[in-house]
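Chains as they are written, first to last, in our numbering: chain A, 1 to 110; chain B, 1001 to 1123.
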């Protein structure tokens, strides 16, 4: 069970859009529509931002959106804001009641 | 509001067993839809799912850790626990407990998390 592959870092200016990719395999990302995304601020617990590839929990701003194509899922932050600067992790169901997380991406707001 | 709180030693010696407990408040640990999981984060690294337990005691493990990780649940105390045996420095991490689950064929993601418990493995 290998970690899903994410870019180490992405950056953008306020108001711009950034997209974080999450590459897996047909045994995880590609096999199920159960990809979730988490935002982690320094020293804090992760916070659920997206579930089931595209669903936004109550309270999550609509500038956060998710998608998937084949074995790769993506998180897009539109209209980047300073408070979006954080680490982001994807997570996929991998069958047999197991999960695999991504390697994490640091989003920097320039 | 559901709350999870990890507790346990912050320092464990190499080759010994790491023990952590997660206390659940503000909700039921015997929910038929939910599992209770452990996730860790090594310093400066990503998240790693360790395993999850149902209130009945049924468990699921990360294959990479299965032989060393043991989970249990005490519904009367609304707590679930993790034991990780034969620890090395590589097991130094912040350990989180979190809720997830399954309902009507759909998966519930990790929606509630504890604040994390740093465990350092060192002599």
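Glycine residues also receive a C-beta, built at the ideal position from the N, C-alpha and C atoms.
Asked                                                                                                                                                                                   : Found
Between B:1123, B:1109, B:1075, B:1012, which has its C-alpha nearest residue 1049 of chain B's C-alpha?                                                                                : B:1109
For residue 1001 of chain B, collect the residues of the same chain with a Cβ closer than 6 Å to its Cβ; drop the 5 residues on either side in sequence, then sort them by chain order. : 1026
Taking the DSSP output, what are the residues bridged to residue 1020 of chain B?                                                                                                       : B:1082
Going along the chain, which residues of its own chain have a beta-carbon closer than 6 Å to the beta-carbon of residue 1029 of chain B, five neighbours each way excluded?             : 1055, 1075, 1078
Compute the Euclidean distance between the alpha carbons of residue 1012 of chain B and residue 1121 of chain B, then round it to the nearest angstrom.                                 : 5 Å
For the beta strand (DSSP E) that contains residue 11 of chain A, what are its first and last residues?                                                                                 : 9 to 12
Under 8 Å Cβ-Cβ, which residues of chain A neighbour residue 1049 of chain B?                                                                                                           : 91, 98, 99, 100, 101
Is the beta carbon of residue 52 of chain A closer than 8 Å to that of residue 92 of chain A?                                                                                           : no
If I'm right that residue 1023 of chain B touches residue 1041 of chain B with Cβ under 8 Å, what's the distance once you round it to whole angstroms?                                  : So it is not a contact: roughly 20 Å between Cβ atoms.
Output needed for residue 48 of chain A: all residues of its chain with C-beta closer than 7 Å, excluding positions within five of it in sequence on either side, in chain order.       : 36, 38, 57
Residues in the same chain with beta-carbon distance under 8 Å from residue 1014 of chain B, minus the five sequence neighbours each way, listed in chain order, please.                : 1087, 1088, 1089, 1121, 1122, 1123
Does the CB of residue 1084 of chain B have a neighbour CB from chain A at under 8 Å?                                                                                                   : no
Give the single residue among B:1094, B:1073, B:1021, B:1107 whose Cα lies nearest to the Cα of residue 94 of chain A.                                                                  : B:1107
Using the Cα positions of residue 8 of chain A and residue 105 of chain A, report the straight-line distance between them to the nearest angstrom.                                      : 5 Å
Hey, how far is the Cα of residue 1097 of chain B from the Cα of residue 1082 of chain B?                                                                                               : 9 Å
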